[in-house]
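Here the structure is laid out as C-alpha coordinates; the discussion comes afterwards.
In full-length UniProt numbering, the protein residues as written are 1 to 255.
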(Lines of atoms letter the chains of each structure in order from A and count residues from 1; the text may use other names and numbers.)
(Lines give C-alpha, C1' and ligand atoms only; values in the text may rest on other atoms or scores of the structure.)
Protein backbone atom coordinates (compact mmCIF):
# COMPACT_ATOMS: atom_id res chain seq x y z
CA UNK A 1 0.00 0.00 0.00
CA UNK A 2 1.57 3.31 -1.08
CA UNK A 3 1.76 6.53 0.91
CA UNK A 4 -1.03 8.22 -1.04
CA UNK A 5 -3.44 5.37 -0.35
CA UNK A 6 -2.56 5.42 3.35
CA UNK A 7 -3.08 9.18 3.53
CA UNK A 8 -6.45 8.85 1.82
CA UNK A 9 -7.56 6.14 4.24
CA UNK A 10 -6.49 8.25 7.24
CA UNK A 11 -8.35 11.31 5.97
CA UNK A 12 -11.48 9.28 5.25
CA UNK A 13 -11.29 7.88 8.77
CA UNK A 14 -10.82 11.29 10.39
CA UNK A 15 -13.56 13.05 8.38
CA UNK A 16 -16.61 11.48 10.12
CA UNK A 17 -15.08 12.16 13.55
CA UNK A 18 -14.41 15.79 12.59
CA UNK A 19 -18.00 16.17 11.38
CA UNK A 20 -19.32 14.67 14.62
CA UNK A 21 -17.23 17.06 16.74
CA UNK A 22 -18.32 20.03 14.58
CA UNK A 23 -21.97 19.01 15.03
CA UNK A 24 -21.39 18.68 18.77
CA UNK A 25 -19.86 22.18 18.86
CA UNK A 26 -22.74 23.63 16.84
CA UNK A 27 -25.38 22.14 19.13
CA UNK A 28 -23.55 23.54 22.16
CA UNK A 29 -22.85 26.97 20.61
CA UNK A 30 -26.40 27.61 19.39
CA UNK A 31 -27.92 26.57 22.71
CA UNK A 32 -29.86 23.55 21.47
CA UNK A 33 -28.66 21.71 24.60
CA UNK A 34 -27.77 23.26 27.98
CA UNK A 35 -24.05 23.20 28.86
CA UNK A 36 -24.91 21.33 32.06
CA UNK A 37 -26.00 18.38 29.91
CA UNK A 38 -23.84 18.80 26.81
CA UNK A 39 -20.67 20.81 27.49
CA UNK A 40 -18.72 22.10 24.48
CA UNK A 41 -16.09 19.72 23.09
CA UNK A 42 -13.23 22.13 23.85
CA UNK A 43 -14.04 22.02 27.54
CA UNK A 44 -14.27 18.21 27.50
CA UNK A 45 -10.97 17.70 25.67
CA UNK A 46 -9.21 20.19 27.94
CA UNK A 47 -10.51 18.29 30.94
CA UNK A 48 -9.35 15.04 29.33
CA UNK A 49 -5.81 16.37 28.91
CA UNK A 50 -5.74 17.55 32.51
CA UNK A 51 -7.06 14.21 33.76
CA UNK A 52 -4.52 12.22 31.76
CA UNK A 53 -1.76 14.02 33.64
CA UNK A 54 -3.07 12.89 37.03
CA UNK A 55 -1.97 9.67 38.73
CA UNK A 56 -5.51 8.90 39.87
CA UNK A 57 -6.92 8.87 36.34
CA UNK A 58 -3.97 6.86 35.06
CA UNK A 59 -4.73 4.24 37.71
CA UNK A 60 -8.35 4.11 36.54
CA UNK A 61 -7.15 3.50 32.96
CA UNK A 62 -4.73 0.84 34.17
CA UNK A 63 -7.51 -1.01 36.02
CA UNK A 64 -9.69 -1.03 32.91
CA UNK A 65 -6.84 -2.14 30.65
CA UNK A 66 -5.86 -4.94 33.04
CA UNK A 67 -9.38 -6.38 33.00
CA UNK A 68 -9.67 -5.91 29.25
CA UNK A 69 -6.36 -7.60 28.41
CA UNK A 70 -6.84 -10.43 30.92
CA UNK A 71 -10.34 -11.26 29.66
CA UNK A 72 -9.38 -10.87 26.01
CA UNK A 73 -6.30 -13.08 26.44
CA UNK A 74 -8.39 -15.83 28.02
CA UNK A 75 -10.89 -15.56 25.16
CA UNK A 76 -8.13 -15.81 22.53
CA UNK A 77 -6.51 -18.85 24.14
CA UNK A 78 -9.79 -20.71 24.65
CA UNK A 79 -11.35 -19.61 21.37
CA UNK A 80 -8.41 -20.63 19.18
CA UNK A 81 -7.83 -23.89 21.06
CA UNK A 82 -11.48 -25.01 21.03
CA UNK A 83 -12.03 -23.80 17.46
CA UNK A 84 -9.04 -25.74 16.12
CA UNK A 85 -9.96 -28.83 18.12
CA UNK A 86 -13.55 -28.75 16.87
CA UNK A 87 -12.40 -28.33 13.26
CA UNK A 88 -9.90 -31.19 13.53
CA UNK A 89 -11.92 -33.70 15.54
CA UNK A 90 -15.54 -34.66 14.64
CA UNK A 91 -16.20 -35.96 18.17
CA UNK A 92 -15.16 -32.64 19.75
CA UNK A 93 -17.16 -30.79 17.11
CA UNK A 94 -20.26 -32.83 18.03
CA UNK A 95 -19.85 -31.75 21.66
CA UNK A 96 -18.95 -28.09 21.01
CA UNK A 97 -21.50 -27.28 18.30
CA UNK A 98 -24.71 -27.52 20.43
CA UNK A 99 -23.03 -25.63 23.30
CA UNK A 100 -22.07 -22.79 20.96
CA UNK A 101 -25.54 -22.70 19.41
CA UNK A 102 -27.12 -22.34 22.84
CA UNK A 103 -24.68 -19.92 24.47
CA UNK A 104 -23.52 -17.72 21.57
CA UNK A 105 -26.83 -15.79 21.20
CA UNK A 106 -27.16 -15.37 24.98
CA UNK A 107 -26.41 -11.84 26.25
CA UNK A 108 -23.45 -12.58 28.50
CA UNK A 109 -24.20 -9.57 30.71
CA UNK A 110 -27.17 -11.62 31.97
CA UNK A 111 -24.59 -13.92 33.58
CA UNK A 112 -22.94 -11.06 35.46
CA UNK A 113 -25.02 -11.37 38.67
CA UNK A 114 -24.07 -15.06 38.87
CA UNK A 115 -20.41 -14.19 38.26
CA UNK A 116 -20.56 -11.61 41.02
CA UNK A 117 -21.91 -14.21 43.46
CA UNK A 118 -19.29 -16.77 42.42
CA UNK A 119 -16.22 -14.55 41.98
CA UNK A 120 -16.98 -11.43 44.00
CA UNK A 121 -16.84 -7.74 43.10
CA UNK A 122 -13.13 -7.60 42.25
CA UNK A 123 -11.26 -8.14 39.02
CA UNK A 124 -12.24 -11.79 38.56
CA UNK A 125 -15.94 -11.33 37.76
CA UNK A 126 -15.26 -8.57 35.24
CA UNK A 127 -12.44 -10.51 33.57
CA UNK A 128 -14.64 -13.57 33.18
CA UNK A 129 -17.48 -11.49 31.74
CA UNK A 130 -15.11 -10.00 29.16
CA UNK A 131 -13.75 -13.47 28.35
CA UNK A 132 -17.24 -14.95 27.98
CA UNK A 133 -18.35 -12.19 25.59
CA UNK A 134 -15.20 -12.15 23.45
CA UNK A 135 -14.87 -15.94 23.29
CA UNK A 136 -17.53 -16.83 20.74
CA UNK A 137 -16.55 -14.57 17.80
CA UNK A 138 -12.96 -15.80 18.15
CA UNK A 139 -14.02 -19.44 18.48
CA UNK A 140 -16.37 -19.30 15.49
CA UNK A 141 -13.84 -17.46 13.31
CA UNK A 142 -11.18 -20.01 14.19
CA UNK A 143 -13.48 -22.93 13.51
CA UNK A 144 -14.66 -21.69 10.14
CA UNK A 145 -11.17 -20.59 9.13
CA UNK A 146 -9.73 -24.02 9.97
CA UNK A 147 -12.65 -25.84 8.35
CA UNK A 148 -12.22 -23.96 5.07
CA UNK A 149 -8.56 -24.98 4.60
CA UNK A 150 -8.25 -26.66 1.22
CA UNK A 151 -7.75 -30.39 1.44
CA UNK A 152 -5.05 -30.28 -1.23
CA UNK A 153 -2.83 -28.28 1.13
CA UNK A 154 -3.07 -31.03 3.71
CA UNK A 155 -2.38 -33.72 1.09
CA UNK A 156 0.61 -31.78 -0.20
CA UNK A 157 2.05 -31.43 3.32
CA UNK A 158 1.59 -35.12 4.00
CA UNK A 159 3.17 -36.00 0.66
CA UNK A 160 6.15 -33.80 1.60
CA UNK A 161 6.65 -35.89 4.72
CA UNK A 162 4.95 -33.73 7.36
CA UNK A 163 3.84 -35.98 10.26
CA UNK A 164 0.07 -36.24 10.65
CA UNK A 165 0.29 -34.90 14.20
CA UNK A 166 1.91 -31.67 12.98
CA UNK A 167 -0.54 -30.95 10.15
CA UNK A 168 -2.78 -28.94 12.48
CA UNK A 169 0.00 -26.56 13.54
CA UNK A 170 2.03 -26.39 10.34
CA UNK A 171 -0.78 -26.25 7.76
CA UNK A 172 -4.24 -25.67 9.25
CA UNK A 173 -3.35 -23.02 11.84
CA UNK A 174 -1.29 -20.80 9.47
CA UNK A 175 -4.01 -21.01 6.82
CA UNK A 176 -6.66 -20.05 9.38
CA UNK A 177 -4.73 -17.04 10.74
CA UNK A 178 -6.61 -14.41 8.62
CA UNK A 179 -9.95 -15.66 9.92
CA UNK A 180 -8.63 -15.90 13.49
CA UNK A 181 -7.38 -12.31 13.42
CA UNK A 182 -10.75 -11.12 12.12
CA UNK A 183 -12.42 -12.82 15.07
CA UNK A 184 -9.88 -11.21 17.40
CA UNK A 185 -10.70 -7.73 16.09
CA UNK A 186 -14.39 -8.34 16.73
CA UNK A 187 -13.61 -9.77 20.16
CA UNK A 188 -11.45 -6.77 21.03
CA UNK A 189 -14.26 -4.31 20.27
CA UNK A 190 -16.66 -6.41 22.36
CA UNK A 191 -14.11 -6.51 25.19
CA UNK A 192 -13.88 -2.69 25.30
CA UNK A 193 -17.66 -2.41 25.51
CA UNK A 194 -18.14 -5.14 28.09
CA UNK A 195 -15.39 -4.10 30.50
CA UNK A 196 -16.75 -0.54 30.51
CA UNK A 197 -20.29 -1.80 31.11
CA UNK A 198 -19.19 -4.13 33.91
CA UNK A 199 -17.40 -1.26 35.66
CA UNK A 200 -20.50 0.89 35.35
CA UNK A 201 -22.67 -1.79 36.96
CA UNK A 202 -20.46 -2.53 39.94
CA UNK A 203 -16.91 -1.38 40.55
CA UNK A 204 -14.81 0.83 42.76
CA UNK A 205 -12.33 1.75 40.03
CA UNK A 206 -11.94 1.83 36.26
CA UNK A 207 -13.28 4.16 33.57
CA UNK A 208 -16.85 2.89 33.92
CA UNK A 209 -16.77 3.71 37.63
CA UNK A 210 -15.49 7.21 36.82
CA UNK A 211 -18.47 7.82 34.53
CA UNK A 212 -21.01 6.59 37.09
CA UNK A 213 -19.43 8.70 39.83
CA UNK A 214 -19.57 11.79 37.61
CA UNK A 215 -23.21 11.10 36.70
CA UNK A 216 -24.19 10.80 40.35
CA UNK A 217 -22.65 14.19 41.10
CA UNK A 218 -24.04 15.79 37.90
CA UNK A 219 -20.57 16.54 36.49
CA UNK A 220 -21.32 16.46 32.75
CA UNK A 221 -17.75 17.25 31.66
CA UNK A 222 -16.36 14.41 33.78
CA UNK A 223 -18.99 12.07 32.29
CA UNK A 224 -17.67 12.61 28.77
CA UNK A 225 -14.00 12.16 29.71
CA UNK A 226 -14.14 8.37 30.36
CA UNK A 227 -16.32 7.87 27.28
CA UNK A 228 -13.76 9.54 25.04
CA UNK A 229 -10.92 7.75 26.82
CA UNK A 230 -12.36 4.25 26.24
CA UNK A 231 -13.04 5.21 22.62
CA UNK A 232 -9.43 6.33 22.14
CA UNK A 233 -8.14 3.18 23.83
CA UNK A 234 -10.27 1.06 21.52
CA UNK A 235 -9.00 2.99 18.51
CA UNK A 236 -5.37 2.56 19.57
CA UNK A 237 -5.75 -1.14 20.36
CA UNK A 238 -7.55 -1.77 17.07
CA UNK A 239 -4.73 0.02 15.22
CA UNK A 240 -2.12 -2.11 16.99
CA UNK A 241 -4.02 -5.28 16.13
CA UNK A 242 -4.31 -4.16 12.52
CA UNK A 243 -0.55 -3.56 12.43
CA UNK A 244 0.00 -7.06 13.83
CA UNK A 245 -2.36 -8.47 11.21
CA UNK A 246 -0.50 -6.70 8.42
CA UNK A 247 2.81 -8.03 9.72
CA UNK A 248 1.62 -11.62 10.15
CA UNK A 249 -0.17 -11.69 6.79
CA UNK A 250 2.48 -9.86 4.80
CA UNK A 251 2.83 -12.88 2.52
CA UNK A 252 -0.88 -13.17 1.79
CA UNK A 253 -2.17 -11.66 -1.50
CA UNK A 254 -5.01 -9.69 0.14
CA UNK A 255 -2.71 -7.70 2.47
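Every residue gets a Cβ at the ideal spot worked out from N, C-alpha and C, and that includes glycine.
Review point. In terms of alpha-carbon separation, which member of 215, 217 and 200 lies closest to residue 209?
Key: 200
Practice item. Taking 8 Å as the cut-off, decide whether the C-beta atoms of residue 178 and residue 206 are in contact. Key: no
Review point. Looking at the unbroken alpha helix (DSSP H) that takes in residue 60, where does it start and where does it end?
Key: Per DSSP, residue 60 belongs to the alpha helix (DSSP H) from 55–88.
Point to revise | Residue range of the alpha helix (DSSP H) that includes residue 231 | key: 220–248
Practice item. Please look up how many angstroms separate the CB atoms of residue 28 and residue 16, rounded, as I've assumed it's under 8 Å. Key: In fact, because the Cβ distance is near 19 Å, the residues do not count as touching under 8 Å.
**Study point:** the segment 117–134 / the segment 66–85 touching (three or more Cβ pairs under 8 Å)
**Key:** yes
Practice item. Spatial neighbours of residue 75 within its chain, please: CB distance less than 6 Å, with the 5 preceding and 5 following residues excluded, ordered by chain position. Key: 131, 134, 135, 138 and 187
Review point. From what residue to what residue does the alpha helix (DSSP H) around residue 196 run?
Key: 173–201
Review point. How would you call residue 230, buried or exposed, if buried means at least 16 neighbouring beta carbons within 10 angstroms?
Key: buried
Point to revise | Inter-residue spacing [alpha-carbon to alpha-carbon] between residue 171 and residue 202 | key: If you take the alpha carbons of residue 171 and residue 202, they lie about 45 Å apart.
Exercise for review: Output yes or no for whether 8 Å exceeds the beta carbon distance between residue 241 and residue 184.
Suggested key: yes
**Study point:** Helix, strand or coil at residue 128 [DSSP, three-state]
**Key:** helix
Review point. Where does the unbroken alpha helix (DSSP H) through residue 213 begin, and where does it stop?
Key: 207–216
Practice item. Measure the CB-CB distance between residue 215 and residue 112 and report whether it falls below 8 Å. Key: no
Practice item. Given a cut-off of 8 Å, decide if residue 85 and residue 147 are closer than it, judged by their beta-carbon atoms. Key: no
Review point. Do you know how far the Cα of residue 77 is from the Cα of residue 122?
Key: 22 Å
Review point. For residue 142, does the three-state DSSP call read helix, strand or coil?
Key: helix
**Study point:** Best match in 218, 224 and 56 for proximity to residue 43 [C-alpha to C-alpha]
**Key:** Nearest to residue 43 by alpha-carbon distance, out of 218, 224 and 56, is 224.
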